[in-house]
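Please read the structure below before turning to the comments.
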Amino acid sequence: MGEIISSNVITWERATRIVETNQLGELYRDQRTTDKYRVFKESCIANGESVVQFIVKHRLQWVSNGQVDVQPSSTRLFANENDVCFIPNEFPYNFSKDITHLVVWSKLRIPCDPNSSIGDVSPRTRCVIDKFIHRNFVEQLGMCDEDVLWFRNFPSLQSVVELSHVHVLLRNFPDAFYRAIVNTSGVVLEESEVDEIMNSD
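Heads up, the sequence shown is in my numbering, so the first residue is 2 and it goes up one at a time.
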């Protein structure tokens with residue numbers, strides 16, 4: 002099946018259903034955003050960069066001594082502020098205007114569940130991600146659970162596969178909250194918290 006392009010706006014209710022049922026292939030961009038993304042990719046190539054190189058250098062600014070630095074500082078997901086960064090999705094899916102679409106990037110690879118035929122994350126990894134997202138948007142910023150969604154695309158749906166990332170959708174996200182979280186690592190987890198989840202029965 003080819004890429005879906007549609008002008009039909011994805012509402013919060015529909016986004017919630019898609020995420021909760023894991024039907025992530027139902028997400029799509031409109032034609033204008035699709036064209037912008039194509040032009041962006043062509044511009045990267047013309048400048049001798051890949052998309053991921055551009056993101057790392059110019060958006061995440063993970064650069065050390067003039068070189069791209071994506072070597073993780075921790076072996077635990079979302080447990081070191083040097084390994085994590087929230088930025089806006091510049092080419093978001095065709096969501097309604099009340100939805101803010103952020104992406105949290107991770108230097109540490111988010112593994113696929115070897116038992117998943119579609120490359121989904123494992124239940125334990127899902128719990129780690131959920132705890133990190135909950136900590137930042139519910140505990141720290143005071144948002145309601147029902148106004149926060151997240152998902153990690155399956156490898157077959159990822160437009161950038163070289164660097165792990167999680168999509169975060171926020172309903173009616175205040176500007177002050179946006180300024181507080183964007184271009185930061187947010188509040189990372191303690192390594193012991195990650196270990197407790199990953200080693201649980």
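All C-beta atoms, glycine included, are put in the ideal place defined by N, C-alpha and C.
Notebook entry, point to check: In chain order, what residues of the same chain have a beta carbon less than 8 Å from the beta carbon of V10, not counting five sequence neighbours either side?
Noted result: Here the set comprises N95, F96 and S97.
Query raised in the report: Would V195 pass as a contact of A80 if the rule is Cβ separation under 7 Å?
Result: yes
* Work out the CA separation of N116 and I100 for me, nearest whole Å. => Spanning the two alpha carbons is a distance of roughly 33 Å.
*asked:* Can you tell me whether V104 is buried or exposed? The criterion is at least 16 other CB atoms within 10 Å of its CB, across all chains shown.
replied: buried
Next on the checklist: Quick check: what's the CA-CA separation for T17 versus C45?
Outcome noted: Distance between the alpha carbons of T17 and C45 is about 33 Å.
Using a Cβ-Cβ cut-off of 6 Å (strictly less than) and excluding sequence neighbours within five positions of D148, which residues of its own chain qualify?
In chain order, R172 place their CB closer than 6 Å to the CB of D148, counting only its own chain and leaving out the 5 sequence neighbours on each side.
ask   = Is it the case that the Cβ atoms of R77 and E192 are separated by a distance below 7 Å?
value = yes
Run through DSSP, which three-state label would Q68 get? strand
Apart from the five residues on each side of it in sequence, which residues of its chain come closer than 7 Å, Cβ to Cβ, to S75?
N81, D84, L109 and E192
- Message: Looking only at its chain, what residues have a beta carbon closer than 7 Å to the beta carbon of D70, apart from the 5 residues adjacent to it on each side?
- Response: Same-chain partners within the cutoff: W63 and V64.
Could you pull the start and end residues of the beta strand (DSSP E) that C86 belongs to?
-> V85 to P89
Exercise for the section: With DSSP collapsed to three states, give me the class of M2. Expected result: Confidence at M2 is low in this model, with a pLDDT of 41, below 50, so the placement of that residue is unreliable and no value is reported for it.
State the start and end residues of the unbroken beta strand (DSSP E) segment that holds H102.
Segment I100 to S107, the beta strand (DSSP E) holding H102.
Beta strand (DSSP E) runs wholly inside the stretch 102-173, at least 3 long, in chain order: Within the stretch 102-173, the runs of beta strand (DSSP E) at least 3 residues long that lie entirely inside it are, in chain order, 149-152 and 165-172.
**Message:** Which of the three DSSP states is assigned to F92 in this structure?
**Reply:** coil
task = Find the nearest neighbour of V20 within the set L150, V162 and D146, judged by alpha-carbon distance.
result = Nearest option by C-alpha distance: L150.
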